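Inspection log for the structure reproduced underneath, given as structure tokens.
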Amino acid sequence: MSSFATDGQDDDSKNARFVSLLWTLKRAVDQAPSDSVPGVHYVHFHALRKDADYRDDLLGKMLESSDPGIRALAEEVVAFSAHLHQGGRDASSFDRDAVPLAHPVSGAAVGAPRLERGPTGGKGGVKALLLMLILVSLSVGIYVASATGLLQRMTQVRVEGSLAQDTHWRSGSTYRLSGLVFVEGNAILTIEPGVRVLGEPGSALIVTRDARINAHGSAQDPIVFTSANPVGARHRGDWGGVVLLGNAPVNTPVAHIEGIDAGDPRGFFGGQADSDSCGILQYVRIEYAGYEISKDNELNGLTLGGCGKGTILRFVQVHQGLDDGIELFGGSANLSHVVISGAADDGLDWDRGWTGFGQFIVIVQDANAGDNGIEADNLDSDHDAVPRSAPTLSNVTIIGGRNRAVGQRGMVLRRGTAGILRNFLIADFSLEAIDIRDRSTVEQIEQGALRLEGLVFAGGLNERLFEVEEGDGDDDGGFDESSLLPVDAGHEAVIQTPLLTHAGPVWTAADFVPEYDERLVRLAVQPSQGEFWDEAASFIGAIRPGARTSWLEGWTDFAQN
Numbered sequence: 020m021s022s023f024a025t026d027g028q029d030d031d032s033k034n035a036r037f038v039s040l041l042w043t044l045k046r047a048v049d050q051a052p053s054d055s056v057p058g059v060h061y062v063h064f065h066a067l068r069k070d071a072d073y074r075d076d077l078l079g080k081m082l083e084s085s086d087p088g089i090r091a092l093a094e095e096v097v098a099f100s101a102h103l104h105q106g107g108r109d110a111s112s113f114d115r116d117a118v119p120l121a122h123p124v125s126g127a128a129v130g131a132p133r134l135e136r137g138p139t140g141g142k143g144g145v146k147a148l149l150l151m152l153i154l155v156s157l158s159v160g161i162y163v164a165s166a167t168g169l170l171q172r173m174t175q176v177r178v179e180g181s182l183a184q185d186t187h188w189r190s191g192s193t194y195r196l197s198g199l200v201f202v203e204g205n206a207i208l209t210i211e212p213g214v215r216v217l218g219e220p221g222s223a224l225i226v227t228r229d230a231r232i233n234a235h236g237s238a239q240d241p242i243v244f245t246s247a248n249p250v251g252a253r254h255r256g257d258w259g260g261v262v263l264l265g266n267a268p269v270n271t272p273v274a275h276i277e278g279i280d281a282g283d284p285r286g287f288f289g290g291q292a293d294s295d296s297c298g299i300l301q302y303v304r305i306e307y308a309g310y311e312i313s314k315d316n317e318l319n320g321l322t323l324g325g326c327g328k329g330t331i332l333r334f335v336q337v338h339q340g341l342d343d344g345i346e347l348f349g350g351s352a353n354l355s356h357v358v359i360s361g362a363a364d365d366g367l368d369w370d371r372g373w374t375g376f377g378q379f380i381v382i383v384q385d386a387n388a389g390d391n392g393i394e395a396d397n398l399d400s401d402h403d404a405v406p407r408s409a410p411t412l413s414n415v416t417i418i419g420g421r422n423r424a425v426g427q428r429g430m431v432l433r434r435g436t437a438g439i440l441r442n443f444l445i446a447d448f449s450l451e452a453i454d455i456r457d458r459s460t461v462e463q464i465e466q467g468a469l470r471l472e473g474l475v476f477a478g479g480l481n482e483r484l485f486e487v488e489e490g491d492g493d494d495d496g497g498f499d500e501s502s503l504l505p506v507d508a509g510h511e512a513v514i515q516t517p518l519l520t521h522a523g524p525v526w527t528a529a530d531f532v533p534e535y536d537e538r539l540v541r542l543a544v545q546p547s548q549g550e551f552w553d554e555a556a557s558f559i560g561a562i563r564p565g566a567r568t569s570w571l572e573g574w575t576d577f578a579q580n
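For the sequence shown, this note's numbering gives the first residue as 20, with consecutive numbering after it.
Structure follows, in structure tokens:
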């Protein structure tokens, strides 16, 4: 008997139940023997929810599985979907990605008997089930067409100018940015799960330093900032990006964010409030940003200026940006579970005194564009300016584009930056894995203020991890980057074989899980202690080696365009 409720259950709980059933089914297939569902080796949860045709095809195969548990779960998904259709509810109140009412899952009516699968009855049972699907689909056809029409006619809200009062962007709606949109004064912009924000050319969302953003999505319903162009026609730089400005310390007396007219006072940031909050970004994707405001002056996908430690940035992806993926100008904002994919310049960039924490960070460069995985500075004009850039990062994976023709480095640490960098997996870069520049940066290493611990290099394209610098090419006073590796681990910290087996142009969440190598555990150092840190992450890289699943699943997307 199905376990779902029938009467008195509200739409939100039904929606949650439907998504939970799909997740349970995915996990059951992933954990079952490989031949349990013929033709199915892995279930993409993102597609299972969003792509009805993919879901129907999988359910048909699962209903013929040799595993009775998988068959039972598939039948429950079918029955629950049919129950939602028969209930006559408004499709817009359910999961916008799954949309069970607008595109019915193949299945029988609630209470339909389980099909007996004897030696000759399996395929016949599926045919019967499909026949019942046709009948159910016909019976609700008029309603489905109506619900689909409602979804297609859903209002698209145009946003321009300033938001000077508390504003709420609601689930089920799409918001279209026109020009630079400023959240000003003490206003709070609240964005509900599942909201899509489309950026027109020249547009950007700027949260000024006394305002806040509360963009709190979910793994099932991420908030997506993306190009206003249709899928397949989206490119880097289609729109500006997201800018958060705050009142936390920076190391310049006057700070004005790049990409906004220097005469506009709304671009100022910085102050003395270390605990300041720019707001919340959680389960948020920012795609195809980096509009070039003027020559060589692009916005980043996500820019933070003077955001304090009260800022929450968790489960954030910045994808296919024209400039840097994420750049932090000072402040003390913390990052957790962050993905930066396909930036045309640097992945993660910091300067002007950033002192925040970061754990579980994935940076992957494009094969045909991009510079450094990480580019780190204190201040160009004064390498000893205070507060000095000194973040603490742990469990970071940096992946190059695997193209010898495109010069990319894993990390460039320069201009007097300090910091503690632990448990880094750096792979597939065509140039140096790590490049230390400027005598001021070497001094931070000598003083123990810049420490690199728990490093592993894998699948390098260059025979040398570190460039040999001589004469005019020596930019660090003769410092030997190879000394960053412990003497007793130098031969172990370099793994010649690729640990990430992805081979195509488009990554998936599963591709970032490294193959298990005991060195990824044995060479790791203990993460920092404290409320922010996951102290159990005693492994190299952002994702536990050999894991069946990862924290990227369900909410990230790596589409080319």
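Glycine residues also receive a C-beta, built at the ideal position from the N, C-alpha and C atoms.
Just so it is clear, the structure is predicted and the values come from calculations on it, not from any experiment.
Looking at the DSSP output, R333 bridges to Q301, S355.
As computed with DSSP, F476 is found in a beta bridge with I445, V513. Its Cα nearest to that of R470, the residue L412 stands out among L412, L519, F485. When C-alpha distances from S408 are compared across N387, N422, D370, the shortest belongs to D370. Between L367 and C326, the C-beta spacing is not below 8 Å. Annotation: R46 to A91 spans about 14 Å, alpha carbon to alpha carbon. With 16 or more other Cβ atoms inside 10 Å of its own Cβ, E346 counts as buried.
Runs of the alpha helix (DSSP H) spanning 4 or more residues and lying entirely within the stretch 52-90 occur at 64-69, 71-81, in chain order.
The beta carbons of R189 and P241 sit no closer together than 8 Å.
If you look at I418, you'll find it in the beta strand (DSSP E) that goes 411-418. Boundaries cannot be given for L484, as no alpha helix (DSSP H) includes it and DSSP labels it neither H nor E. When DSSP states are grouped into helix, strand and coil, D457 belongs to the coil group. Counting along the chain, V202 sits inside the beta strand (DSSP E) bounded by residues 193-202.
Around the C-beta of P272, fewer than 16 other C-beta atoms lie within 10 Å, and the residue is accordingly described as exposed. In this chain, the beta strand (DSSP E) harbouring V262 covers 261-264.
In terms of Cβ geometry, R456 and D491 do not form a close pair [threshold 8 Å].
Distance check between G236 and each of D343, L300, I445, D54 places L300 closest, using alpha-carbon atoms only.
Here DSSP, grouped into helix, strand and coil, assigns S501 to helix. When the five nearest sequence neighbours on each side are left out, the beta carbons in the same chain lying within less than 8 Å of the beta carbon of E311 are those of G256, E317, L341, in order along the chain. For V540, no beta strand (DSSP E) segment is defined; the enclosing uninterrupted segment is the alpha helix (DSSP H) at 538-541.
Around the beta carbon of V176, fewer than 16 other beta carbons sit within 10 angstroms, so the residue counts as exposed. Sixteen is the threshold: when 16 or more other Cβ atoms of the shown chains lie within 10 Å of the Cβ of S459, as they do, the residue is buried. The C-beta distance from R421 to A386 rounds to 6 Å, short enough to fall under 8 Å. Annotated as distal: P564 and E554, with beta-carbon spacing of 8 Å or more. In this structure, I417 and F443 form a Cβ contact; the two beta carbons are roughly 7 Å apart against a cut-off of 8 Å. Around T516, the same chain offers A477, G478 as residues with beta carbons nearer than 8 Å, after the five sequence neighbours per side are excluded.
The beta-carbon separation of A566 and S557, rounded to 14 Å, does not stay under the 8 Å limit for a contact. Unbroken beta strand (DSSP E) runs of no fewer than 3 residues, entirely contained in the stretch 361-406, are found at 367-370, 376-383, 391-395, following chain order.
In this structure, the straight-line span from the alpha carbon of Y61 to that of W526 is close to 15 Å. By the Cβ neighbour-count rule, H402 is buried, with 16 or more other Cβ atoms within 10 Å of its own. The Cβ atoms of A274 and F348 lie closer than 8 Å to each other.
Ranked by Cα distance from E465, the options A452, A437, D454 are led by A437. For R231, the enclosing beta strand (DSSP E) has its first and last residue at 231-235. Shown here for G198: same chain residues with a beta carbon closer than 7 Å to its own, the five before and five after excluded, namely E179, G221, S222 in chain order. In terms of CA proximity to Q463, L440 leads the group L440, A446, F485, L450.
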